Amino acid sequence: MEFDVVIVGAGPAGLSAAIKLAQLSKNNDIPISICVVEKGAEVGAHILSGALFETKALTELFPDWQDLGAPVNNPVCKDEFVYLTSEQQHVKVPSLLTPNLMHNSSDNHVISLANLCRWLGQKAEELEIEVYPGFAATSINVDQSGAITGVNTSDMGLDKSGQQKASFEAGIELKAKYTIFAEGARGHLGKEIIEKFQLDKDCEPQHYALGLKEIWQVSQDHPAYQAGRVLHGAGWPLNETSSNGGSFLYHLDNHQIVVGLIVDLNYKNPHLSPFDEFQRYKHHPLIRQFLEGGERIAYGARAIAKGGLHSLPKQQFPGGLLIGCDAGTLNSGKIKGSHTAMKSGMLAAEAIFEQLKSGDSLSIPDYQSLYKQSWLYEELNQSRNFAASIHKYGAIAGGAIATLEQNIWHKLFKCTAPWNISDPLPDHLGMKEISRCSAVQYSKPDGKLSFDKPSSVYLSGTQHEEDQPCHLLLKDTDLPINDHLPRFAEPSQRYCPAGVYEIITVDGGPALQINAANCLHCKTCDIKDPSQNITWVPPEGGGGPSYQNM
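In terms of UniProt numbering, the sequence shown has 195 at position 195, counting the first letter as 1, and numbering is strictly consecutive.
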């Protein structure tokens, strides 16, 4: 199938790129054929975010979004930041000591990003954009000059050994003048393209965190519920293992409360389990008061690209563009990435439209110039040191540096701070061997506030065809047992938030079992494996989680 533009991923970046391109096509009477492929069974099925949403980019895309019925109608009414000093105590951080970029006003909304993407998907189809959910792009195609010419979707109906079943359907080659990659953080094809074109040769390594999230339904008379209330936190429980990250608790509409923990994936102790840290966090008295008496109705997890400007690769290359979290446009200083992903997509659309309008489909779209002139660059530049300062100096000292940069320097001198804070160590190299670390003890879940992985994965709606090739590939199948088990107690069984990796006994000895059907597509294993031995590739299209309101 041939199109002018193929977009991989129906998240906020990919859909915004498609919509903006269709708008430019219509307004200038220049026909452009656009196709969006999405590996989830439906648009939004694999979308997970907090989400605190800034409407700036949405207003640029649809100035009348309120009249059009966008699911953005829960403005922030109360904004708090706390430091959890222990498992029982906390202190409220004054507004003056909180970095300005972390402040939230009624211009920001607590939303479901999955539902916003569903709405954007409907708007895309109204603009005659072809949106194909359930199709996973698994490989790229190149011409003789090395330029990208499109992608191939996965074969369907292969058994575990790769042989064709009766239900076999061959994948489709999608040819394009330009291909936009918007797969989200640690995209499989984005990772390949960055390496192929050396897009990251002039930047620091990308840094990631794992975000874990639950939705709780509370009663209509719940005393602590207040639609639009926002609570961010730092400190406990991660400070007990000298790890970095933060927590969030947002009040959606319809008497639902979102609770989550973000664990930076540069943590050192291999005994740490992000999932179990999350379960501990909910027992803190400050958090427990919001959840007690409620019912947990959803669970999910996803990696977050949070390196910021210092880690942002070049985004343009022959035949296409890399946008949104596939590149790493999240503003970690704001703890927001949806509006920046959308703007990245819109800039990509403008760059490609100029090339198509000129009739020159051989040149590289000039995304970089548009980006450097945009508010997206200004935002990322202002908060460029945020993630590195937290990684390097911890939550308290790093937060103080961010406050100095944003609240004092920027206010006094009307410019960004003149210094740069570097963080050159890739996340996976930060892990220490077990001989240098203390064990971490986790209590058994109580089934009221804390839960186990199997029941959590059940709430994610995750489903995969069991009889298909494993999509979690080991470069060296002996490495986990022969090397990682004695050195790191095989950390995959703890860093995976879905119980995909498990050490079992076979013929009297340990073996690594991969329960690929449990996979949430969070990409943590691809990021945190200490030897980079695991490669995540897409399973059959349509498999994975089925997030409804995440």
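The beta carbon of each residue, even a glycine, is placed where N, CA and C say it ideally should be. Note that the coordinates shown come from a computational prediction; the quantities given were computed from them, not determined experimentally.
In or out: I111 buried (at least 16 other Cβ within 10 Å) or exposed?
buried
Please report the straight-line C-alpha distance between L235 and A397, rounded to a whole angstrom.
The residue you asked about is not Leu; residue 235 is Gly in the sequence shown. In a straight line, the C-alpha of G235 is about 12 Å away from that of A397.
Any idea what DSSP makes of E128, helix, strand or coil?
coil
Looking only at C-alpha atoms, which of I257, S369, G359, V72 sits nearest to A348?
S369
With a 10 Å radius around its C-beta and 16 neighbouring C-beta atoms as the bar for buried, classify Q382 as buried or exposed.
buried
Taking 7 Å as the limit between beta carbons, can you name the residues of its chain near D183, skipping five residues before and five after?
The sequence given here places Glu at residue 183; Asp does not occur at that position. Cβ neighbours of E183 beyond the five flanking positions: V8, G9, L189, G190, D326.
My assumption, with CB atoms under 8 Å, is that N174 sits in contact with F3. Please give the rounded CB distance.
Here the sequence assigns Leu to residue 174, which means Asn is not the residue at that position. The C-beta distance from L174 to F3 rounds to 7 Å, short enough to fall under 8 Å.
If you draw a straight line from the C-alpha of H207 to the C-alpha of L356, how long is it?
Each residue's Cα considered, the two are about 34 Å apart.
Below 8 Å, can you find three or more Cβ-Cβ pairs linking the segment 351-365 to the segment 122-137?
no
State the start and end residues of the unbroken beta strand (DSSP E) segment that holds D4.
Taken as a continuous stretch (DSSP letters only), the beta strand (DSSP E) holding D4 covers 2-8.
Helix, strand or coil, according to DSSP, for G14 in the structure here?
Reduced to three states, the DSSP call for G14 is helix.
Determine the DSSP secondary structure at R296, reduced to helix, strand or coil.
strand
Using a Cβ-Cβ cut-off of 7 Å (strictly less than) and excluding sequence neighbours within five positions of N104, which residues of its own chain qualify?
Cβ within range, chain order: L52, V76, D79, V230.
Specify the secondary structure class of T403 as computed by DSSP and reduced to three states.
helix
Can you tell me which of the three DSSP states P274 falls into?
helix
Along the chain, where does the beta strand (DSSP E) that runs through W536 open and close?
534-536
State whether the segment 61-73 contacts the segment 360-379, with contact taken as three or more CB pairs (one from each stretch) at a distance under 8 Å.
no
First and last residue of the beta strand (DSSP E) that includes S167?
It spans 164-169 - the beta strand (DSSP E) in which S167 sits, taken as one unbroken run.
What residue from D529, C519, S531, I527 has the CA that sits closest to residue 551's CA?
It is not possible to answer for residue 551, since the shown part of the chain is limited to 1 through 550.
Taking 8 Å as the cut-off, decide whether the C-beta atoms of T241 and V440 are in contact.
yes
Got a sec? Which residues, its chain only, sit under 8 Å from L485 by beta carbon, not counting five neighbours each side?
I503, P510
Would you list the residues sitting across from H410 in a DSSP beta bridge?
H410 pairs with nothing; no bridge assigned.
Distance, Cα to Cα, G308 vs V506?
44 Å
Roughly how many angstroms lie between the CA atoms of F248 and I335, to the nearest whole one?
If you take the alpha carbons of F248 and I335, they lie about 10 Å apart.
I want to check one thing, is the minimum distance from the CB of L189 to the heavy atoms of the ligand HEM below 7 Å?
As for the ligand HEM, it is missing from this structure, which has no ligand bound.
Quick one, which of A303, N100, G294, E277 has its alpha-carbon nearest A224's?
Among A303, N100, G294, E277, the Cα nearest to that of A224 belongs to G294.
Under 8 Å: do the segment 160-172 and the segment 463-475 share three or more Cβ pairs, one atom per stretch?
yes
Look at L113 and R296 and say whether their C-beta atoms are less than 8 Å apart.
no
L321: buried (16+ other C-beta within 10 angstroms of its C-beta) or exposed?
buried
DSSP puts L21 in a beta bridge; with which residues?
BP columns for L21 are empty, so no partner.
Let me check understanding here. Comparing Cα to Cα, which of A298, I19, G50 lies closest to Q217?
Nearest in C-alpha terms to Q217, of all of A298, I19, G50, is A298.
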